[in-house]
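Trainee: Before we start, here is the structure in question, set down as structure tokens.
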Amino acid sequence: MALDGIVTRSIVHELQVCVGGRINKIHQPSTSDIIINLRSQSENRRLILSANPTYPRVHFTEESFPNPQEAPMFCMLLRKHCEGSVIESISQIGMERIIHIDVRQRDELGDMSQKRIIIELMGRHSNIILVDPNTGIQLDGIHHVTPAISTFRIVMPGFAYSEPPQQHKLNPLESSKEEFLAALTEAGSKEENVGKAWIVNAYSGLSPLIAEEIYFRAYGESSLAGNDATGNLTDLNNETLWTSFNELMSEIREQRYSPLIGNNSKGKSVFSAIPLRLVQGEIRTFDSISQCMEAYYGDKALRDTVKQRTGDLLRFLQNERNKNIKKLTNLEKDLAEADDAERYRISGELLLSSLHLISKGDREVKLVNYYDEEQNTLTIPLDHLLTPSENAQRYFKKYNKFKNSLAAIDEQMSKTREEITYLEGLLQQLTYASITDIEEIREELVQQEYLRERGKKNNKKKKKKDARPTLHVFTSSEGIEIYVGKNNLQNEYVTNKLGNSNDTWLHTKDIPGSHVLIRSATFGEATLNEAAQLAAYFSQAKESSSVPVDCTLIRHVRKPSGAKPGFVIYDHQKTLYATPDEQMIKKLPNSIK
């Protein structure tokens with residue numbers, strides 16, 4: 001990854017189409033992200049501002065994000081001051097990873113009011129801060145920095161805004177040849193071999209990836225092996241390096257961007273706003289930096305947030321599954337013993353008919369086996385402390401015990417297998433769950449009495465239980481809505497409440513996965529294929545090929561009485577085979593209701 005000053009500059013350049021546009025809606029799907037819906041140049045656009053500590057970013061997005069029922073305080077503040085406002089300017093501070101979005105609107109008194117949204121893309125120190133530009137006072141920040149955390153820079157309502165500490169570096173876009181050579185010479189005077197890091201240390205907004213690219217353009221493949229001859233600061237080397245640096249900066253000054261994703265010299269995936277000659281392997285190019293960043297990050301940020309939120313759930317479900325697997329193993333051992341029940345009955349019968357041949361104290365007896373034509377004799381172990389009659393009765397007791405336990409073992413094994421399937425389904429659902437989906441999975445576990453309610457009153461619990469779950473809706477290439485349940489509460493709603501009798505229902509065959517519903521009685525092969533792709537993609541077989549997907553009408557799907565959430569049986573199905581195509585699925589228009 002290389003979200004540096006150059007990428008920030010390309011983002012700000014791309015966002016200029018928003019200037020003069022109007023902000024329509026704002027929502028906050030997670031603790032670090034803000035989604036702004038706006039209209040500019042006769043188009044609706046969606047902008048994500050993220051202060052995620054691992055994946056901070058700003059770009060246009062086509063993704064759909066859940067809108068929480070209760071908006072966080074910072075979101076409410078942004079709505080108050082920014083919804084309905086017009087964007088006056090979007091700018092970058094120097095070559096730093098700081099973006100200012102200035103907006104204006106009329107306040108409650110009808111006076112013109114200006115506000116500034118400041119996005120600081122500083123790794124774990126990233127923040128989104130709303131400031132009154134006339135006074136410099138902060139109205140609030142998405143992440144608070146209290147005096148107890150930092151006395152130098154406080155992010156709290158009512159405090160004056162101060163920029164992050166200045167590093168007093170050179171601006172690479174304004175650097176002259178003399179400055180460049182002076183910085184190189186100064187770095188060489190401090191270290192025998194200056195390497196490439198001096199460029200990052202001397203110039204603002206440049207990442208190690210860009211420094212590596214500058215050297216690669218100057219010295220080719222040899223620079224990747226560390227043989228760039230920078231230890232010998234000859235005039236030739238200086239001139240070559242300056243030419244490479246100046247060439248790259250000219251591309252940036254002239255806003256000549258060509259975003260791409262590829263692998264760096266160490267094989268790590270990176271993205272860039274400008275062409276990189278050092279990238280290796282498959283190179284993907286994009287028309288805009290937003291498309292590039294969306295493709296690069298994908299759902300990494302969501303998965304990271306989900307991983308943090310699901311740690312306790314994941315451990316709980318894995319422990320429960322392991323306990324049931326162990327229980328099933330023990331039941332299988334009991335079943336193997338119970339299968340010997342007939343042998344105990346035969347042993348008892350033979351002993352009763354041959355009491356005269358046995359004496360107390362015998363440890364075994366070999367008798368003619370009348371019940372097996374192939375095995376003429378049977379050796380029967382005896383308890384030497386018991387009489388012959390008592391030994392026979394002991395075998396009959398074992399027979400009756402195991403005979404009665406067979407039915408119970410079969411029932412327990414069936415329930416345990418169902419439990420394992422249910423838990424594995426929940427674990428699978430966590431792999432592609434959104435923040436809202438996680439809470440619904442947690443709610444389901446509370447309803448099923450696996451977990452206790454966490455600090456909520458009973459009336460709130462009942463109200464939430466009756467509420468409609470989140471619905472994930474995709475639109476096929478034929479314009480038909482396809483609903484996908486990403487957890488059991490959603491699956492139950494989609495299948496048992498939303499679907500009409502002639503709607504088409506799909507699910508992976510004998511594989512945990514989502515319930516998929518085509519909300520139409522008439523559709524073409526394209527829609528059916530896309531629905532099958534969705535069913536295969538949102539299942540345990542996501543990484544497989546030719547995944548079997550059953551397809552039937554919703555009227556042939558039913559939930560057995562007392563079954564676990566999301567479990568159904570169905571008939572009149574036909575089986576399709578689909579190989580999940582992630583790129584095709586991501587291109588399908590989708591929304592969250």
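Residue numbering for the sequence shown follows my numbering, starting at 1 and increasing by one per position.
The beta carbon of each residue, even a glycine, is placed where N, CA and C say it ideally should be.
All values reported here derive from a predicted model rather than from experimental measurement.
1. Measure the C-alpha to C-alpha separation of Y422 and L355 and round it to an integer number of angstroms.
2. Can you say whether H168 is buried or exposed, counting buried as having 16 or more other CB atoms within 10 angstroms of its CB?
3. Roughly how many whole angstroms lie between the Cα atoms of P388 and E332?
4. Check this for me: beta carbons of P512 and Q428, under 8 Å apart or not?
5. How is the alpha helix (DSSP H) around C551 delimited, first residue to last?
6. Based on the DSSP secondary-structure assignment, which residues constitute the bridge partners of G513?
7. Quick one: give me the first and last residue of the alpha helix (DSSP H) that Q447 is part of.
8. So, at 7 Å on beta carbons, what are the nonlocal neighbours of S89 in its own chain, with the 5 sequence-adjacent residues on each side left out?
9. Exposed or buried, what is V368 when buried is set at 16 or more other beta-carbons lying within 10 Å of its beta-carbon?
10. Please say whether R519 and E481 have beta carbons closer to each other than 8 Å?
11. Relative to the alpha-carbon of S32, which residue among Q41, W242 and P56 has its alpha-carbon at the smallest distance?
12. Which residues share a DSSP beta bridge with S50?
13. Report yes or no: do three or more beta-carbon pairs, one from the stretch 3-23 and one from the stretch 248-265, lie closer than 8 Å?
14. Write down every uninterrupted run of the alpha helix (DSSP H) in the stretch 183-212 whose length is 4 residues or greater and which is fully enclosed by it, in chain order.
15. What are the partner residues of T475, as DSSP defines its beta bridges?
16. Spell out whether any CB of chain D is found under 8 Å from the CB atom of R253.
17. Which of the three DSSP states, helix, strand or coil, is assigned to I346?
18. DSSP state of M122, grouped into three classes?
19. Could you pull out every residue in the same chain whose Cβ sits closer than 6 Å to the Cβ of N153, ignoring the five residues on either side in sequence?
20. Rounded to the nearest angstrom, what separates M413 and S405 at their Cα positions?
21. State whether the stretch 32-48 contacts the stretch 272-286, with contact taken as three or more CB pairs (one from each stretch) at a distance under 8 Å.
22. Whole-angstrom Cβ separation of K115 and D132, contact assumed at under 8 Å?
23. With the cut-off set at 8 Å, would you say P164 and E120 are in Cβ contact?
24. Quick one: what's R9 bridged to in DSSP?
25. At 3 residues or longer, and completely inside the stretch 344-381: list those beta strand (DSSP E) runs for me, N to C.
26. Can you give the beta carbon distance from P83 to I26, rounded, assuming they're within the 8 Å contact cut?
27. Could you pull out every residue in the same chain whose Cβ sits closer than 6 Å to the Cβ of K465, ignoring the five residues on either side in sequence?
28. Is L385 helix, strand or coil when you go by DSSP?
29. Can you give the Cα-Cα distance for N201 and R46, rounded to whole angstroms?
30. In this structure, does DSSP put L170 in helix, strand or coil?
31. Less than 8 Å separating the beta-carbons of V549 and A526?
32. Using a threshold of 8 Å, state whether the C-beta atoms of E36 and Q28 are closer than that.
33. Give me, in chain order, the residues of the same chain whose beta-carbon lies closer than 7 Å to that of I199; leave out the 5 immediate sequence neighbours on both sides.
34. Using beta-carbon positions only, say whether V547 and A536 come within less than 8 Å of one another.
35. Please determine, among I99, R106, A160 and L130, the residue with the shortest C-alpha to C-alpha distance to M122.
36. At what residue ranges does the stretch 77-133 contain a whole run of the beta strand (DSSP E), taking only runs of 3 or more?
Mentor: Put simply:
1. When rounded, the distance between both Cα atoms is 53 Å.
2. Per the 10 Å Cβ criterion, exposed.
3. Between P388 and E332, the alpha-carbon positions lie close to 32 Å from each other.
4. In contact: P512 and Q428 (Cβ atoms closer than 8 Å).
5. Per DSSP, C551 belongs to no alpha helix (DSSP H); it is in the beta strand (DSSP E), V547 to L553.
6. In the DSSP output, where bridge partners are listed per residue, G513 has S539.
7. Annotation: the continuous alpha helix (DSSP H) that includes Q447 extends over I435 to Q447.
8. Within the same chain, Cβ atoms closer than 7 Å to the Cβ of S89 are found at V19 and D102, the five residues on either side in sequence being excluded.
9. The residue is exposed, with fewer than 16 neighbouring Cβ atoms inside 10 Å.
10. Cβ atoms of E481 and R519: closer than 8 Å.
11. Nearest of Q41, W242 and P56 to S32, Cα basis: P56.
12. Answer is D33 and R57, bridged to S50.
13. Because the criterion of three Cβ pairs below 8 Å is met, the stretch 3-23 and the stretch 248-265 touch.
14. Listed in chain order, the complete alpha helix (DSSP H) runs (minimum 4 residues) inside the stretch 183-212 are 197-202.
15. Paired residues: E481.
16. Among the chains in the structure shown there is no chain D, since it carries only a single protein chain.
17. In this structure, DSSP gives I346 a helical state, which the three-state scheme calls helix.
18. Three-state DSSP puts M122 in coil, outside helix and strand.
19. Checking the sequence, you will find Arg at residue 153 rather than Asn. For R153, where only same-chain residues beyond five positions count, the Cβ hits under 6 Å are S162.
20. Going from the Cα of M413 to the Cα of S405 covers about 12 Å.
21. Pairwise C-beta distances place the stretch 32-48 out of contact with the stretch 272-286, as fewer than three of them are shorter than 8 Å.
22. Their Cβ separation, rounded to whole angstroms, is 6 Å, which keeps K115 and D132 in contact under 8 Å.
23. Yes, the Cβ-Cβ distance between P164 and E120 is below 8 Å.
24. Answer is none; R9 lacks a bridge partner.
25. Here the runs fully enclosed are 364-368 and 377-381.
26. Sequence check: residue 83 is Glu here, not Pro. That belief holds up - the Cβ atoms of E83 and I26 are roughly 6 Å apart, short of 8 Å.
27. Model confidence at K465 stands at a pLDDT of 48, short of 50, so the residue's coordinates are unreliable; what they give is reported in the following sentence. For K465, where only same-chain residues beyond five positions count, there are no Cβ hits under 6 Å.
28. The answer is coil: DSSP assigns L385 none of H, G, I, E or B.
29. C-alpha of N201 to C-alpha of R46: approximately 35 Å in a straight line.
30. Here L170 sits in strand by DSSP.
31. Taking 8 Å as the Cβ cut-off, V549 and A526 do not qualify as a contacting pair.
32. The residue you asked about is not Glu; residue 36 is Ile in the sequence shown. Judged by beta-carbon spacing, Q28 lies beyond the 8 Å limit of I36, meaning their Cβ atoms are not closer than that value.
33. L206, A211 and I214, listed in sequence order.
34. It is a contact, given that the beta carbons lie within the stated cut-off.
35. For the residues I99, R106, A160 and L130, the minimum Cα distance to M122 belongs to I99.
36. 86-92, 98-106, 112-120 and 127-132, all fully within the stretch 77-133.
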